[in-house]
Amino acid sequence: MIDYIVAAVTALLLIVGSLFALAAAIGLVRLPDLYTRMHSASKAGTVGSGLLLLAAGLYSQDPAILARALAGFVFFLLTAPVSAHLLARTAHRSGYDLGALSVRDDIRDR
Amino acid sequence: MITPAAIIAVASSAALVILGLALILTVWRVVAGPTLPDRILALDMLTGIAIGFIAVIAVKTRFSLYIDIAISLGLVGFLATVAFARFVLSRGNIKSKPSASAANGKTQKRRAGGKKR
Chain A
1 MIDYIVAAVT ALLLIVGSLF ALAAAIGLVR LPDLYTRMHS ASKAGTVGSG LLLLAAGLYS
61 QDPAILARAL AGFVFFLLTA PVSAHLLART AHRSGYDLGA LSVRDDIRDR
Chain B
1 MITPAAIIAV ASSAALVILG LALILTVWRV VAGPTLPDRI LALDMLTGIA IGFIAVIAVK
61 TRFSLYIDIA ISLGLVGFLA TVAFARFVLS RGNIKSKPSA SAANGKTQKR RAGGKKR
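Sequence lines, in order, name chains A and B. With the UniProt record's numbering applied, the first sequence has no gaps in its numbers, which climb one by one up to 110 at the end. With the UniProt record's numbering applied, the second sequence has no gaps in its numbers, which climb one by one up to 117 at the end.
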């Protein structure tokens, strides 16, 4: 019985995680400029790879491996906003423009 | 009766197909992306998808050492993105480069201003 529950939860995590990664990739292709693409990749991409890692940790049925997978997920959750913010700040400072649909640029003069 | 192994086999194969689709879309952004930061962002996303692939393979083969590999790949990907961002910053502003020496002076001044703030 416990095997079926673990298998079902792992399968659900695998499908949902890969669908999140696909959503991030579609956002990366379809969104108009770097700053909106950054938002798609850093949020949905992090959740996608984190859920897949969690599925791998859960399926091993070993607390040590699950703890390592959880630590990896927390690490991605901590570093993805940092790298995306750094990249966006750098691009804005080096003069890459916002998309044509943007109406407001709050840090233009800083 | 469906066995748990069959559920996992079907789900991991579906996840591999979906991740492959995401990989193709992201590679298209790396190739086509109009600016350098777009390509850097797509490479960062590519690292995330590679981590997902490694995790799915870890489930498929029941070889849990792959999880450590995925974690270290995430660390390397983060450091690569930070290093690429530093590189974009060190190139200076793309809008003001009439000549090489003038662009160099602008970079110097910009860097000094950044330090003061």
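C-beta atoms are modelled at their ideal positions from N, C-alpha and C, and glycine is treated no differently.
- Task: Can you pull the chain A residues whose beta carbon is under 8 Å from the beta carbon of A83(B), in chain order?
- Result: If you number the second sequence from 1, residue 83(B) lands on position 83. Ordered by position in chain A, no residue passes the 8 Å Cβ test against A83(B), which lies about 10 Å from the chain.
- Message: Give me, in chain order, the residues of the same chain whose beta-carbon lies closer than 7 Å to that of G45(A); leave out the 5 immediate sequence neighbours on both sides.
- Response: Taking the first sequence and counting its residues from 1, one reaches residue 45(A) at position 45. Counting only Cβ-Cβ distances below 7 Å, and skipping sequence neighbours, we find A21 and A24.
- Which residues in chain B sit within 7 Å of L14(A), going by Cβ to Cβ distance? Here residue 14(A) is taken as the residue at index 14 of the first sequence, counted from 1. Simply A11, S12, A15, V56 and V59.
- Task: Output the distance between the C-alpha atoms of V59(B) and R108(A), rounded to the nearest integer angstrom.
- Result: What you label residue 59(B) is simply residue 59 of the second sequence in a count that begins at 1. What you label residue 108(A) is simply residue 108 of the first sequence in a count that begins at 1. Cα-Cα distance, rounded: 47 Å.
- For the alpha helix (DSSP H) holding R93(A), just list the boundary residues, first then last. In the first sequence, counting from the first residue as 1, residue 93(A) sits at position 93. Residues P63 to R93.
- Message: Does chain A have any CB closer than 9 Å to the CB of V88(B)?
- Response: Residue numbering aside, residue 88(B) sits at position 88 when the second sequence is read from its first letter. Yes - at least one Cβ of chain A is within 9 Å of the one on V88(B).
- Item | Helix, strand or coil at T26(B) according to DSSP, with G and I counted as helix | Locating residue 26(B) in the second sequence gives position 26, counting from the first residue. Here T26(B) sits in helix by DSSP.
- Rounded to whole angstroms, what's the CA-CA distance from L70(A) to S96(B)? Just pull it up for me. The residue you call residue 70(A) lines up with position 70 of the first sequence. The residue you call residue 96(B) lines up with position 96 of the second sequence. Cα to Cα, the separation comes out at about 46 Å.
- Query: In terms of residue numbering, what span does the alpha helix (DSSP H) encompassing M38(A) cover?
  - Reply: Position 38 of the first sequence, counted from the first residue, corresponds to residue 38(A). Counting along the chain, the alpha helix (DSSP H) containing M38(A) begins and ends at L34 to Y59.
- Query: Whose Cβ in chain C lies nearer than 9 Å to the Cβ of A67(A)?
  - Reply: Absent from the structure is chain C; the protein chains it does hold are A and B.
- Task: List the residues of chain B that I26(A) touches, going by C-beta distances under 7 Å, in chain order.
- Result: Working through the first sequence from its first residue, we reach residue 26(A) at position 26. What I26(A) touches in chain B: L25.
- Message: With H, G and I counted as helix, E and B as strand and the rest as coil, what does DSSP make of M45(B)?
- Response: By one-based count along the second sequence, residue 45(B) stands at place 45. M45(B) falls in the helix class under three-state DSSP.
- Item | Cβ neighbours of V16(A) in the same chain (closer than 7 Å, five flanking residues each side left out) | To locate residue 16(A), count along the first sequence from 1; it is residue 16. Excluding residues within five positions, the ones whose Cβ falls inside 7 Å are L51.
- Can you tell me the Cβ-Cβ gap for L58(A) and V6(A), rounded? I've got them flagged as a contact below 8 Å. One-based indexing of the first sequence puts residue 58(A) at position 58. One-based indexing of the first sequence puts residue 6(A) at position 6. Indeed, because the Cβ distance is near 7 Å, the residues count as touching under 8 Å.
- Under 8 Å by Cβ, that's how I've got L34(A) and L41(B) pegged, so tell me the actual separation to the nearest angstrom. By one-based count along the first sequence, residue 34(A) stands at place 34. By one-based count along the second sequence, residue 41(B) stands at place 41. About 7 Å separates the two Cβ atoms, so the contact holds.
- Message: For chain B, check one thing: does any of its Cβ atoms lie closer than 9 Å to the Cβ of A100(A)?
- Response: Residue numbering aside, residue 100(A) sits at position 100 when the first sequence is read from its first letter. No, its Cβ sits nowhere closer than 9 Å to a Cβ of chain B.
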